Amino acid sequence: MSFSKEFDGKVALVTGGSSGIGKAAALAFAQAGAKVVIASRGVEEGEQAVHEICARGSDAIFVKTDVSQANEVEALVNKTVDTYGRLDCAFNNAGVGVLRPLINYSEDDWDYVMNINLKGVWLCMKYQIKQMLRQDSGAIVNNSSLAGVVGMANISVYTASKGGVIAMTKATAIEYAKSGIRINVISPGFIETPIFEKVPTERVDQFLEGLSLPPMGRFADSDEVSGAVLFLSLGRSSFITGQNLIIDGGYTAQ
Ligand SMILES: NC(=O)c1ccc[n+]([C@@H]2O[C@H](COP(=O)([O-])OP(=O)(O)OC[C@H]3O[C@@H](n4cnc5c(N)ncnc54)[C@H](O)[C@@H]3O)[C@@H](O)[C@H]2O)c1
């Protein structure tokens, strides 16, 4: 999907924009003309992503942010507005996984996953919407997962966090539907990214072996998610809000 320069003059914020799905979306926003703010915990990765965007002639900054910390998220939105004057699009993508049988999850695992995946999305929307209300416009896309839609073994706490993102997206979309702010969520199936190299896990091999290919017969790469994110961030999707767009190669159509 080509977005040419449809994001000229727009400012896009991508959390977790230093790696995987978020980095692909950040590059796509920049290629389509947006000024991009990349937020993540990893400084080196984040600066590298900004370097790649600037090397292609676009404009981007990196803001080191832990999305589970309210003061850091507030500072992130403030830095975005101080630098570029506004915030048009936000892709709340930062997330982590922990793979274990339910009975082996610890309270620390629960807090870690929920604080980043669910509380983090709430905090991001809280400060983004405050700014978007000042502008009477904005589009937010949250990143859930196919695991927030269907059951999968050995990933129950992650699925709970992602199911929460879908529910919170719908409720918030209704709340701000008359304010010029659209809020949607995407639910990607298995996408080849570094996430599985990072997750604390007891059962990653079993988890991956247990994943069946979707009807399209393959898993996806991050660029195949970006098109959906940009579409939902644009005026082209002006009557779409509160929706969960599942990007799964036909998995849930079965
Ligand atoms: N890869 C998949 O198969 C898949 C499928 C569905 C959904 N997702 C979701 O997509 C999102 C991106 O995952 P990915 O596969 O690209 O993984 P990734 O590990 O490549 O990227 C995760 C990003 O989130 C950032 N991050 C992690 N914790 C953070 C925090 N506390 N504050 C700020 N940034 C933080 C990391 O720095 C990194 O930039 C996640 O929310 C994940 O749950 C991934």
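Here the sequence shown stands for residues 17 to 270, where the numbers follow my numbering. Don't be surprised by glycine CBs; every beta carbon is placed ideally from N, CA and C. None of these values were measured; they are calculated from a predicted model.
Three-pair Cβ contact test at 8 Å for the stretch 221-229 versus the stretch 43-57: Too few Cβ pairs lie closer than 8 Å, so no.
Could you tell me if V157 is buried or exposed, where buried requires 16 or more neighbouring beta carbons within 10 angstroms of its beta carbon? With 16 or more other Cβ atoms within 10 Å, it is buried.
Let me check understanding here. Comparing Cα to Cα, which of N94, N260, Y267 and I119 lies closest to R198? For R198, the nearest C-alpha among the options comes from N260.
Sequence-distant residues of the same chain with beta carbon closer than 7 Å to R102, five excluded per side: Contacts found: V27 and Q151.
- Query: Roughly how many angstroms separate the alpha carbons of G25 and L149, rounded to a whole number?
  - Reply: Between G25 and L149, the C-alpha separation is close to 19 Å.
For the stretch 33-115, list the alpha helix (DSSP H) runs that are entirely contained and at least 4 residues long, ordered along the chain. Counting only runs of 4 or more, we get 36-47, 59-71 and 86-100.
### Query
Since I207 sits in a beta bridge, which residues does DSSP pair it with?
Looking at the DSSP output, I207 shares a beta bridge with A236.
### Task
Identify whether L229 lies in helix, strand or coil by the three-state DSSP scheme.
Coil, per DSSP.
The stretch 123-132 touching the stretch 171-183, judged by at least three CB pairs closer than 8 Å: Three or more beta-carbon pairs separated by less than 8 Å link the stretch 123-132 to the stretch 171-183, which places the two stretches in contact.
Distance check for Q147 and N120, CA to CA, integer angstroms please. Rounded to the nearest angstrom, the two C-alpha atoms are 41 Å apart.
| said: Buried or exposed for N159, going by 16 or more other Cβ atoms inside 10 Å? | reply: It counts as buried.
L250 to K214, Cα distance in whole Å? Between L250 and K214, the C-alpha separation is close to 32 Å.
For T175, three-class secondary structure by DSSP | Here T175 sits in helix by DSSP.
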